[in-house]
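Enquirer: Okay, handing you the structure first.
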Amino acid sequence: MNLTLKSLAAFIVALSLPLAHAATAAGEIPPAQQSAAAHVMQKEVASAVYELAYSPTHNALFVLAPVRFNDLKSGKKPQVIILNGDTLALEGAYDLPAPGFGVVLDDSSNTLYIGTGDASVIAWDTVAHKVKGEVKLAGPGKEINKASGKPYPTHSLRQLWLDTSNQRLYIPGLSWKGSVLYVIDTKTFSLVKTVEGMGSMPTGIAQEPNGGDIFLTNWQHEMTVVDSRTLTVKKRFAITTDQPLFLAWNAERKEVLAVDEGMEKIYGMLKQQAEESGKTYQPTSSGSALVVLDPESGKTRRTIPTGKYPIAVKVDDKAGRIYVTGRGDGTVSVYSTRDYRLLNKVTLGAAPNSIAINPEQGSIFVSIKRGEEDKKADKEKVAKIGF
């Protein structure tokens, strides 16, 4: 069966499917090397939780809560849920016109940008608690979603990147073939350019500080560099990372960070894609790693073991820490931005997914999906971890 728009949409959702955990966490830290004990608080939030954004201005955590398929029949709506940044107490829950998956916050303008399952971006007012704009990015494809009766979009959305220096929003438009980079002007909240040539599934995006070069990685062993001034492809490098799911920028060392997930299901998709093109897929990495990439060449400078099946990578420049969620073993790994030394590994159980940072406290928030052992649980969780 060919890879389709349906399989693409299913993949986006599959990032949250329950996983069986390894019996022991990979890369356990000797007691002498551990940092101070982490303080963990957890709260059940909604039937499904995805990406998070923390507002220092409002001391509020915004949680995307799309609706599970089984809940659609009851008329339940996708929501933005607001939790208190100190206690995780519920402060509000507001309906959205479409399920949100990716999110980024512009705290200075009180705007939460939300990428939705129907390939649109919503501008949501964090003070008035309502939608103040919506831009449709991808048109309808030929395949029909039997559940909704509507066509699948030609491209799917996952990660969003905010460029405050240039007042733009960058969103990879994912496709098995012909992926793009959408560019939105945040002043007018309108699509200003669609950059072609992003390859197959460019899920990862990061940017140099102060509106510098934009980096995207895809599943064709490529890193593409887009010039933020001209919005054209500047360079394209071969990389040896098979599944560079999400990216971050380490400002201290001026390096691109990628999580190499290493999921068997994704390898199956990549092999199928190669076969449909008359080729043979050759893996070049083993996954479950944080990969440090040279922004000038795409070469791997370092490969660091993480928890199993890493998903999110976030950098707290102020605290000098890198955080990586391990969905397969229920952990959050903490590394030094200076030398990539493993500082701590926190076990949360189930399946840690997305991360938001409180830069003032040096704490983080993590969305926790259902694991294999609690796949029948009514609600998924959010954790706050203090160090």
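Residue numbers (mature numbering (1 follows the signal peptide of the UniProt record, and there is no 0)): -22 to -1, 1 to 365.
Heads up, the beta-carbon is just placed ideally off N, CA and C, and yes, glycines get one too.
Treat the numbers as computed from the prediction; the structure is a model and nothing was measured.
1. If contact is defined by three or more beta carbon pairs under 8 Å, each pair taking one atom from either stretch, is the segment 191 to 209 in contact with the segment 278 to 293?
2. Does the separation of the CB atoms of Arg316 and Glu186 fall below 8 Å?
3. Leaving out five residues on either side along the sequence, give the residues of the same chain with a beta carbon under 7 Å from the beta carbon of Ile335.
4. Please check if any C-beta of chain D sits within less than 8 Å of the C-beta of Gly93.
5. Locate the alpha helix (DSSP H) running through Met247, then write down its first and last residues.
6. On the three-state DSSP scale, how would you describe Asp352?
7. Looking only at its chain, what residues have a beta carbon closer than 8 Å to the beta carbon of Thr89, apart from the 5 residues adjacent to it on each side?
8. Could you tell me the alpha carbon to alpha carbon distance between Glu233 and Val99, rounded to whole angstroms?
9. Just checking my contact of Gly95 with Pro44 at CB under 8 Å: how many whole Å lie between their CB atoms?
10. Would residue 367 and Gly327 qualify as a contact pair, given that the criterion is a beta-carbon distance under 8 Å?
11. Report all residues from its chain with a CB closer than 7 Å to the CB of Val113; omit the five preceding and five following residues, and keep chain order.
12. Might you give, ordered along the chain, the residues of its own chain that have their beta carbon closer than 8 Å to the beta carbon of Trp139, omitting 5 neighbours on each side?
13. Please state whether DSSP places Ala4 in a helix, a strand or coil.
14. What does the alpha-carbon distance come out to for the pair Asp238 and Pro118?
15. Return the first residue and the last residue of the beta strand (DSSP E) that Ile100 is part of.
16. Return yes when the Cβ of Pro56 is within less than 8 Å of the Cβ of Gly78, no when it is not.
17. Identify, in the order they occur along the chain, each residue of the same chain with its Cβ nearer than 7 Å to the Cβ of Gly63, setting aside the five sequence neighbours on each side.
18. Entirely within the segment 199 to 237 and at least 4 residues each: give me those alpha helix (DSSP H) ranges in chain order.
19. Compute the distance between the beta-carbons of Phe224 and Thr181, then report whether it is under 8 Å.
20. Could you tell me the boundaries of the beta strand (DSSP E) in which His17 lies?
Expert: Based on what the coordinates show:
1. no
2. For the purposes of this step, residue 316 is taken as residue 338 along the sequence shown, with counting starting at 1. For the purposes of this step, residue 186 is taken as residue 208 along the sequence shown, with counting starting at 1. Not in contact: Arg316 and Glu186 (Cβ atoms no closer than 8 Å).
3. Within the sequence shown, numbered from 1, the residue matching residue 335 stands at position 357. Contacts found: Tyr32, Lys292, Asp294 and Ile342.
4. Of the protein chains in this structure there is only one, and it is not chain D.
5. For the purposes of this step, residue 247 is identified with residue 269 of the sequence shown, where counting begins at 1. Glu242 to Glu254 is the span of the alpha helix (DSSP H), which, as asked, contains Met247.
6. Locating residue 352 in the sequence shown gives position 374, where the first residue counts as 1. Looking at Asp352 - three-state DSSP - the assignment turns out to be helix.
7. Against the sequence shown, residue 89 aligns to sequence position 111. For Thr89, where only same-chain residues beyond five positions count, the Cβ hits under 8 Å are Leu83, Ala101, Trp102, Asp103, Thr104, Lys110 and Thr164.
8. The count along the sequence shown starts at 1 and reaches residue 233 at position 255. The count along the sequence shown starts at 1 and reaches residue 99 at position 121. Approximately 29 Å, taken between the alpha carbons.
9. Indexing the sequence shown from 1 puts residue 95 at position 117. Indexing the sequence shown from 1 puts residue 44 at position 66. Rounded, the Cβ-Cβ distance is 7 Å, consistent with contact.
10. It is not possible to answer for residue 367, since the shown part of the chain is limited to -22 through 365.
11. Numbered from its first residue, the sequence shown carries residue 113 at position 135. Taken in chain order, the residues that qualify are Ser98, Val99, Ile162, Phe167, Ser168 and Leu169.
12. Within the sequence shown, the letter at position 161 stands for residue 139. Correct list, in chain order: Val82, Leu147, Tyr148, Ile149, Ile183, Ala184, Gln185 and Ile192.
13. As a position in the sequence shown, residue 4 is number 26, starting the count at 1. Here the model assigns Ala4 a pLDDT of 36, short of 50, so the residue's position is not dependable, and the following value carries that caveat. In this structure, Ala4 counts as coil in the three-state DSSP scheme.
14. The count along the sequence shown starts at 1 and reaches residue 238 at position 260. The count along the sequence shown starts at 1 and reaches residue 118 at position 140. So the two alpha carbons sit approximately 31 Å from each other.
15. Translated into positions along the sequence shown, residue 100 becomes position 122. Ser98 to Asp103 is the span of the beta strand (DSSP E), which, as asked, contains Ile100.
16. For this step, residue 78 is matched to residue 100 along the sequence shown. For this step, residue 56 is matched to residue 78 along the sequence shown. Against a cut-off of 8 Å, the Cβ pair of Pro56 and Gly78 comes out as a contact.
17. Translated into positions along the sequence shown, residue 63 becomes position 85. If we look at Gly63 and ignore the five residues flanking it on each side, its Cβ neighbours are Tyr32, Asn37, Ala38, Leu39 and Asn336.
18. none
19. As a first step, residue 224 must be located in the sequence shown, where it is residue number 246. As a first step, residue 181 must be located in the sequence shown, where it is residue number 203. It is a contact, given that the beta carbons lie within the stated cut-off.
20. Along the sequence shown, read from residue 1 onward, the residue named residue 17 stands at position 39. Segment His17 to Ala24, the beta strand (DSSP E) holding His17.
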